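Working notes for the structure below.
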Amino acid sequence: MQYISYKDKSIISQIAQLHERELERQNQDYKQTTLSVALREEMLLNGLYYGTDILITQQIDGNLGGVIWGRYLKREHKVIIEFLYVAFKYRQQGIASMLKDAIEAWALTNGAKELQGTVDAHNITMQQLNKQKGYQVSKVIMTKKLPLNNEQGEDK
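Under this note's numbering, the first residue of the sequence shown is numbered 581, with each subsequent residue one higher.
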């Protein structure tokens with residue numbers, strides 16, 4: 581595993597692009613743009629610079645096998661897992677589990693009392709892993725899509 585620092589700009593850029601690509605893949609209404617990637621990269625850099633964030637990667641044969649991004653909310657004594665990704669060909673090999681263990685250790689070192697993440701409702705594998713690691717479901721978010729109308733009242 582590799583702990584990414586503020587100086588690792590190339591990998592940070594790669595992670596920002598990956599994060600935005602995954603957001604677009606998972607959210608029908610989200611579109612990745614050059615600006616969204618740049619803003620995500622800036623967000624990562626700022627968090628690393630000020631010590632509120634951590635990026636941990638697992639490299640396999642020179643490829644990014646997996647990454648976890650966490651943010652420490654000091655006032656709440658909580659670490660939020662902002663992003664956890666394992667490349668498809670490296671799944672089911674324990675990488676997500678190792679990354680989650682590493683971020684938990686970091687959270688404890690920083691005085692966090694809680695670790696929190698969001699899991700897609702269809703990602704049963706991650707839900708099971710989280711339960712094995714002692715996570716509990718704390719809320720369920722339900723969404724209803726509403727039709728968008730243009731100024732003439734016609735559907736877009």
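Positions of the beta carbon are idealized from the N, C-alpha and C atoms, including for glycine.
Just so we're clear, the structure is a prediction, and the values are computed from it rather than from any experiment.
Compare the C-beta of THR632 against all C-beta atoms of chain B and say whether one is closer than 8 Å. Looking for chain B here will not work: only one protein chain is present.
Host beta strand (DSSP E) of ILE640 (start-end): 633–640
Put LYS823 into one of helix, strand or coil per three-state DSSP. This structure leaves residue 823 out entirely; the chain is present only between 581 and 736.
Short of 7 Å in beta carbon distance, which residues of its chain neighbour LYS711, apart from the five on each side in sequence? Order them along the chain. none
Residue span of the beta strand (DSSP E) that contains LEU695, given as start and end: 694–697
Using CA atoms only, rank isn't needed, just tell me which of LYS719, LEU709, MET722, GLY650 is closest to LEU688. GLY650
Would you say the beta carbon of GLY674 comes nearer than 7 Å to a heavy atom of the ligand GTP? Ligands displayed in this structure: none; no statement on the ligand GTP is therefore possible.
Local Cβ density within 10 Å of LYS693, reported as buried at 16 or more and exposed below that: exposed
Could you name the residues of the same chain whose beta carbon sits closer than 6 Å to that of LEU603, not counting the 5 residues immediately before and after it, in chain order? TYR610
Taking just the CA atoms, how far does VAL617 sit from LYS725? 25 Å
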